[in-house]
Amino acid sequence: MKKLLMAVALFVTLGLNAQTKFESAMQSGLAKMKESKTADEMNATASFFERVADAEKTQWLPYYYAARNYTIAAFMNPSADKDKTAEKVNALIAKAEAIEKSNAEIFCLKQQVAVMQLTVDPMSRWQSYGAVASEAIAKAKAIEPNNPRPYLLEGQYLMNVPEAFGGGKAVAKKLFEKSVELFGNYKPASALHPSWGKEQAGQLLAACQ
140 MKKLLMAVAL
150 FVTLGLNAQT
160 KFESAMQSGL
170 AKMKESKTAD
180 EMNATASFFE
190 RVADAEKTQW
200 LPYYYAARNY
210 TIAAFMNPSA
220 DKDKTAEKVN
230 ALIAKAEAIE
240 KSNAEIFCLK
250 QQVAVMQLTV
260 DPMSRWQSYG
270 AVASEAIAKA
280 KAIEPNNPRP
290 YLLEGQYLMN
300 VPEAFGGGKA
310 VAKKLFEKSV
320 ELFGNYKPAS
330 ALHPSWGKEQ
340 AGQLLAACQ
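In terms of the numbering used here, the sequence shown is residues 140 to 348.
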C-alpha cells in the first residue's frame, strides 16, 4: 500500500512539473508576443511557440499562437509571400484543430488567414477567399456566441469592403458595437487563452463614428 501511494505521489508530482514547464514556456511566449513590434520579432515569437507546440504535441494553444504570430508578421510586411505564409499557418491550424475541435478561436484564425490571402489580389480573390472568411466567422459565432473576436474581425473586414458589396463603416459599426459590448463581460478560459482585441474594438468603433 505504501509503495502504491508513493507511486501515485510521484506520478502527480511529475504531472505537475510537466504542467508547470508548459505554463512557464507559454507565459514566456506571451511576454515575447507583447514585446514584439516588428515583423521579424513576430516571426521569432511564432518560431518560439512552434517549438513549444512540437515539444508538447497535445496542446492546441502553442500551435494557435505560432499561427497567429506568423499571420500578423505577414500582414506587417508588405513584401511577405502571403500565400507561402498561409501554407505554413494552415498546417499549424490543422495541428491545433486535431487537438481541439470546434474551437471559435481557431475559426477566427482561419478567417484572418483567408483575408490575408485575399489582400494579395482583392479584385480576383474577393469571391473565393471572401467566402472562406465569412464561413469561418459564421462557424466561430455558432460555436461561441459570446466571444467578441468574431464580431471584431468581421467588422474589420467589412469596414474595408465597398458599400455596394455589403460593407462600409455603417455595417462595420454595428459589429464593433457588438464586440465592445461582449468584451464587457468576456473572460478568457485561463491566463494562457486568447484575450486580445478589446482595445482594437474600441478604436475601430471610434473610427466609425
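Cβ atoms here follow ideal geometry from the backbone N, Cα and C, with glycine treated the same way. Source: prediction; values computed, not measured.
CB of residue 294 within 7 Å of CB of residue 300, strictly: no
Cβ contact check for the stretch 239-252 and the stretch 267-281: 3 or more pairs under 8 Å: yes
Buried or exposed (CB count within 10 angstroms, at least 16 for buried), residue 168: By the neighbour-count criterion, in which 16 or more other beta carbons inside 10 Å mark a residue as buried, residue 168 falls on the buried side.
Sequence-distant residues of the same chain with beta carbon closer than 6 Å to residue 199, five excluded per side: 235, 238 and 239
Beta-carbon spacing of residue 233, residue 256 below 7 Å: no
As assigned by DSSP and simplified to three states, the class of residue 247: Of the three classes helix, strand and coil, the one that applies to residue 247 here is helix, per DSSP.
Simplified DSSP state of residue 152, which is helix, strand or coil: Legend: pLDDT at residue 152 = 46, less than 50; position of this residue unreliable, no value from coordinates given.
Coarse secondary structure for residue 220, derived from DSSP in three states: coil
Assigned secondary structure, residue 331 (DSSP; H/G/I helix, E/B strand, else coil): Residue 331 falls in the coil class under three-state DSSP.
Cβ pair count under 8 Å reaching 3, the stretch 183-193 against the stretch 206-217: yes
Any non-hydrogen atom of the ligand SAH within 6 Å of residue 214 CB: You won't find the ligand SAH in this model; it holds no ligand whatsoever.
Reduced DSSP category for residue 260 - H, G, I as helix; E, B as strand; rest coil: Looking at residue 260 - three-state DSSP - the assignment turns out to be coil, as it is neither helix nor strand.
Boundaries of the alpha helix (DSSP H) in which residue 307 is found, first to last residue: Unbroken run through residue 307: none, as it is neither H nor E.
First through last residue of the alpha helix (DSSP H) which encompasses residue 191: 178-195
N- and C-terminal bounds of the alpha helix (DSSP H) containing residue 294: That run of the alpha helix (DSSP H) goes 288-298.
Option nearest residue 162 by Cα separation, candidates 180, 179, 175 and 192: Closest in C-alpha terms to residue 162, from the list 180, 179, 175 and 192, comes 192.
Straight-line gap, residue 325 to residue 286 (C-alpha atoms, nearest Å): 7 Å
DSSP three-state assignment for residue 336, whether helix, strand or coil: In the three-state DSSP reduction, residue 336 falls in the coil class, being neither helix nor strand.
Contact check, residue 340 vs residue 310, beta carbons under 7 Å: no
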